[in-house]
Amino acid sequence: MNDQLRGLDRRSVLKWAGLGAAAVGGSSLLSACGGLKGSSSSSSDTLKIGLVSPQTGPLASFASSDGFVVQTIQSALQGGITSGGKKRSIEIVVKDSQSSPTRATEVTKELINSDQVDLVVSSGTPDTSNPVADQCEASGMPNVTTIVPWEAWFFGRGGKPGKEFTYSTMFFLGMQEFADCFFPMWERMDVSSKNVAALWPDDTDANAFREGLGPMMEKAGYTVVDGGKYQDGTTDYSSQISKFKRSGAELFTCTPIPPDFQTYWRQAAQQGYRPTLATVAKVMLFPSEAEALGKLSNNIATDVWWSPSYPNESSIDGTTGQQLADDFASKTGKQWTQALGSVYSLFEVAVEVFKKVSDPKDKNEVAAALHNLDYTGMSGQLNFAGGPQPGIAIQKPCGGQWRPGKKFPWDIFIVDNHANPNMPLTGDLQPTFS
Amino acid sequence: MGLLNAVVQGVLLGGLYALYAAGLSLMFGVMRIVNLAHGDLGVVAAYVALVLVTHTFLPVWAAVVVTVLLSAVAGYLLQRLLLQRSLSSGPLATLLVTFGLSVILQNVLQELFSADTRSLDTGTFATAAIHLGEISVSYLGLLGLGLALATIVGVQLYLSRTATGRMMRAASDDPEVATLVGADARHVYAVATSIALASVALAGMVFAMRSSFSPTIGSMSLIFAFEAVVIGGLGSLWGTLLGGLGLGLAQSIVGYYDPADSILAGHLLFLAVLALRPQGILAARGT
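If you read the protein sequences in the order shown, they are chains E and V.
So in this note's numbering, spot 283 of the first sequence is number 283, and the numbers just go up one at a time.
So in this note's numbering, spot 152 of the second sequence is number 586, and the numbers just go up one at a time.
1. Tell me, to the nearest whole angstrom, how far the beta carbon of residue 530 (chain V) is from that of residue 468 (chain V); I am working on the premise that it is less than 8 Å.
2. How big is the Cα-Cα spacing for residue 75 (chain E) and residue 69 (chain E)?
3. Residues in its own chain within less than 6 Å of residue 127 (chain E) by CB, not counting five upstream and five downstream?
4. As an exercise, report each continuous alpha helix (DSSP H) stretch of at least 4 residues that is fully enclosed by the segment 599-678 of chain V, in chain order.
5. Within the chosen definition, does the segment 87-100 of chain E reach the segment 42-56 of chain E through at least 3 CB pairs nearer than 8 Å?
6. May I ask you to report which of helix, strand or coil DSSP gives residue 591 (chain V)?
7. Assuming the contact rule is C-beta atoms closer than 8 Å, residue 631 (chain V) and residue 509 (chain V) should be a hit. Round their C-beta distance to whole Å, please.
8. Could you tell me the distance, in whole angstroms, from the CA atom of residue 254 (chain E) to the CA atom of residue 281 (chain E)?
9. Spatial neighbours of residue 490 (chain V) within its chain, please: C-beta separation below 8 Å, excluding the five flanking residues on both sides.
10. Can you check the segment 303-389 of chain E for any alpha helix (DSSP H) of at least 4 residues that lies completely inside it and give the ranges in chain order?
11. Quick check: what's the CA-CA separation for residue 653 (chain V) versus residue 84 (chain E)?
12. Just checking: is the beta-carbon of residue 282 (chain E) within a distance shorter than 8 Å of some beta-carbon in chain V?
13. Here's a check: name, in chain order, each residue in its chain whose Cβ is nearer than 7 Å to the Cβ of residue 474 (chain V), leaving out the five neighbours to either side.
14. Buried or exposed: which applies to residue 495 (chain V), given that a residue is buried once 16 or more other Cβ atoms fall within 10 Å of its Cβ?
15. I'd like the list of long-range same chain contacts for residue 372 (chain E), defined as Cβ closer than 8 Å, with 5 residues on each side in sequence excluded.
16. Give the straight-line distance between the Cα atoms of residue 496 (chain E) and residue 278 (chain E), rounded to the nearest whole angstrom.
17. May I have a chain-ordered list of the alpha helix (DSSP H) segments no shorter than 4 residues that lie completely inside the segment 482-507 of chain V?
18. Report the residue ranges of all alpha helix (DSSP H) runs contained in full by the segment 39-88 of chain E; include only those spanning at least 4 residues, in chain order.
19. Is the beta carbon of residue 401 (chain E) closer than 8 Å to that of residue 173 (chain E)?
20. Where does the unbroken beta strand (DSSP E) through residue 468 (chain V) begin, and where does it stop?
21. Go ahead and pull the three-state DSSP assignment for residue 19 (chain E).
22. Using the Cα positions of residue 206 (chain E) and residue 256 (chain E), report the straight-line distance between them to the nearest angstrom.
23. For a contact defined as C-beta to C-beta under 9 Å, what are the partners of residue 552 (chain V) on chain E?
24. On the premise that residue 339 (chain E) lies in contact with residue 123 (chain E), defined as a C-beta separation below 8 Å, what is that separation, rounded to the nearest angstrom?
25. Would you mind giving the Cβ-Cβ distance between residue 199 (chain E) and residue 273 (chain E), rounded to the nearest angstrom? I have them listed as a contact below 8 Å.
26. So which residues on chain E does residue 654 (chain V) lean against when the C-beta distance must stay under 7 Å?
27. Looking at chain V, is there any beta carbon in it that lies within less than 8 Å of the beta carbon of residue 342 (chain E)?
28. Between which two residues does the alpha helix (DSSP H) holding residue 244 (chain E) run?
29. Any Cβ of chain E within less than 8 Å of the Cβ of residue 447 (chain V)?
30. Can you tell me whether DSSP reads residue 278 (chain E) as helix, strand or coil?
31. Could I get the ranges of all uninterrupted beta strand (DSSP E) runs contained in the segment 186-243 of chain E, with 3 residues as the minimum, in chain order?
32. Pop quiz: residue 305 (chain E) and residue 397 (chain E) are said to be a contact at Cβ under 8 Å. What is the actual Cβ separation, rounded to whole angstroms?
33. Put residue 564 (chain V) into one of helix, strand or coil per three-state DSSP.
34. Between the segment 132-140 of chain E and the segment 109-117 of chain E, can you find at least three pairs of beta-carbon atoms closer than 8 Å?
35. Closer than 8 Å, Cβ to Cβ, to anything on chain E: give me those residues from the segment 532-548 of chain V, in chain order.
36. With 9 Å as the C-beta to C-beta threshold (strictly closer), list the residues of the segment 348-382 of chain E near chain V in chain order.
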């Protein structure tokens, strides 16, 4: 009995192995055909979208809503879409960058070569989006990324006016948008000096602020009190804090990595530096950070590029931002994050562009259509032809402040909409420390 | 005045580094194990404390005590069940085992708790400080320094005054001879690991109170702890205390003049010690 079972096993194993070998052989034949024909890749009735995001590692907070978004999109697109005069189904292939740029490049190559996707989308800081965009640009693969300041995405990848990118595109904010978001809040504060304390470390993001936002601040009449180019991971901020205190700066801004902000903000409280208004970037994006900081989170202001309170609707099925956030909360038990709307929009962009082209398998046509796309959806209007460089759509953030919420321990209240007057306010601007 | 403040902050920071490094130093001194999972074990302790605080009625201080005890037990088992087996295969094996342990711990934590930033909330204690003119001495900094001193003095007393402590030193010098005269090297080693884990648990929790933690943050503290051990002298606990303080002072004093070079100053001190006095400030006796 036993022997027979084992015999059967061996035979079935052989059978499966044979099938597997045939499948592998077949797929390599297929890919050889694809290589010859050049434009067509996977089966023409299915359109494949590859998603690269940091699902594990230090950046994983950015990807915490990805699984939910992929499911939501898949069920919304169950009936397929009409693209190039034909009904086609949409398949989504998800890859984990493990928060590493090297790994991001590797999985993008896999998506292009083995999964034979038709478009690659990606999100979550320059460490993910830049290598993915570079790989797509090199392989002639249409690509959209988000949650990366456009200066870091464009100049950081060697872009120059006149030397733009053909296949990669993005939507997010830039330094001008941070200025448009932060300055009106500073103006509204009753402060005695125009000194602004700036905690900017020595990394790509913060240097973009130092070189971009710094001069804009000076031009608007503010004096930058730069705490100095410290290294990420610094555990003691007493020198910065005493410099800020000496300068009498009542306004504060920063672009540190999240754990460093937690250390800095507590030490500043210990050492008695209490700015009238703190407007922070890159940190306090996620409710978990506000929870970790506890009471000290109260009235810290940040840029809000997506919120369920914005009157936006999905271009796919009309779902409102509020419905998306509620659905996310009921399915995952977690509070919404700004990344939820952005990742959703990545797929909207893909669907919009597939609907516009005559042949969605023609990479050049898709890439050209991406550069000309102008649609309104979950992230409001995204115009890829109207940005500071070709293929960049700019979002207009509002100012928000963290306060104890009704449904969740900490919530973002929209307190300033000078940069985007169409968005409703949900609270008053209050001093961080009064 | 600003410089004096930098010195004070440097000493407080150095205390935390020394607390982190004490366990690393002890494990190296007794068993010649370089524990690459040391920082991650501190992070695990922080998560355990967080779970205790959020899911039981224990106040933070009680959760800290329970976590230290749990860590001590975990340390004993870790040595007996895992590290002891690799010890006989030479130093490279233990290095690889602890490296593997570090990778596993980080991923398990991420699976259980996600990559979200957490913190041990101690309410007003976290931001309270004694203000002396321009100098502010934070309660948390004092706590870290105090625990570092208590741990190192306590372990030194244990090593010199108790039978197990003396056996530990004997087993450290020559495990075979120590076994011949009746010491159970495996038990002694496990006790040492147990103490090491209890101390790194304390360090991890103090760190979680003064900053925040997430599954992958342990390796950052490992670097500073390792530097403190080497600067102070391998295998010497008093040296480790001095190494931690030296590292903290170098970072904060240089940071006072130029924040850009603060971390670099610590690394340079480490390199200078390696180049000029490789045995460290206080070398262990007999080596």
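Cβ coordinates follow ideal geometry from the N, Cα and C atoms, glycine included.
The model shown is predicted, which means the values in this text are computed figures rather than measured ones.
Let me lay it out:
1. Actually they do not touch by this definition, with Cβ atoms about 11 Å apart.
2. Within the model, the alpha-carbon separation for residue 75 (chain E) versus residue 69 (chain E) is close to 10 Å.
3. 101, listed in sequence order.
4. Look at the segment 599-678 of chain V and you find these whole runs of alpha helix (DSSP H), each 4 residues long or longer: 609-614, 619-644, 652-666.
5. Between the segment 87-100 of chain E and the segment 42-56 of chain E there are three or more C-beta pairs closer than 8 Å, enough to call the two in contact.
6. Reduced to three states, the DSSP call for residue 591 (chain V) is helix.
7. 3 Å between Cβ atoms; contact.
8. Computed Cα separation, rounded: 6 Å.
9. Within the same chain, residue 490 (chain V) has close Cβ partners 497.
10. Qualifying alpha helix (DSSP H) stretches, in chain order: 321-332, 338-356, 363-372.
11. So the two alpha carbons sit approximately 51 Å from each other.
12. Judged by the 8 Å Cβ criterion, residue 282 (chain E) is not in contact with chain V.
13. Answer for residue 474 (chain V): 536, 539, 540, 652, listed in chain order.
14. With fewer than 16 Cβ atoms within 10 Å of its Cβ, residue 495 (chain V) is classed as exposed.
15. Around residue 372 (chain E), the same chain offers 384, 385 as residues with beta carbons nearer than 8 Å, after the five sequence neighbours per side are excluded.
16. No answer is possible for residue 496 (chain E): the residues shown for chain E start at 1 and end at 434.
17. Counting only unbroken stretches of 4 or more residues, no alpha helix (DSSP H) element lies wholly within the segment 482-507 of chain V.
18. As far as the segment 39-88 of chain E is concerned, its whole alpha helix (DSSP H) runs of at least 4 residues are 66-76.
19. No.
20. Judged by DSSP secondary structure, residue 468 (chain V) falls outside any beta strand (DSSP E); it is assigned neither H nor E.
21. Note that residue 19 (chain E) scores a pLDDT of 43, beneath 50, so its modelled location is shaky and nothing firm can be said.
22. Rounded to whole angstroms, residue 206 (chain E) and residue 256 (chain E) show a C-alpha spacing of 7 Å.
23. Within 9 Å Cβ-Cβ: 288, 291, 292.
24. Yes, they are in contact, since the Cβ atoms of residue 123 (chain E) and residue 339 (chain E) sit about 7 Å apart, within 8 Å.
25. Wrong, their Cβ atoms sit about 11 Å apart, outside the cutoff.
26. Ordered by position in chain E, the residues that pass the 7 Å Cβ test against residue 654 (chain V) are 233.
27. It does not; no Cβ of chain V falls within 8 Å.
28. From DSSP, the alpha helix (DSSP H) with residue 244 (chain E) extends over 238-247.
29. Yes, contact with chain E.
30. In the structure shown, residue 278 (chain E) sits in a strand (DSSP, three-state: E or B).
31. Taken in chain order, the complete beta strand (DSSP E) segments of 3 residues or longer contained in the segment 186-243 of chain E are 195-199, 223-226.
32. Between residue 397 (chain E) and residue 305 (chain E) the Cβ distance is about 4 Å, and since that is below 8 Å, they are a contact.
33. Judged by DSSP in its simplified three-state form, residue 564 (chain V) adopts strand.
34. Yes, the segment 109-117 of chain E is in contact with the segment 132-140 of chain E.
35. Flagged, chain order: 541, 544, 548.
36. Here the close residues number zero.
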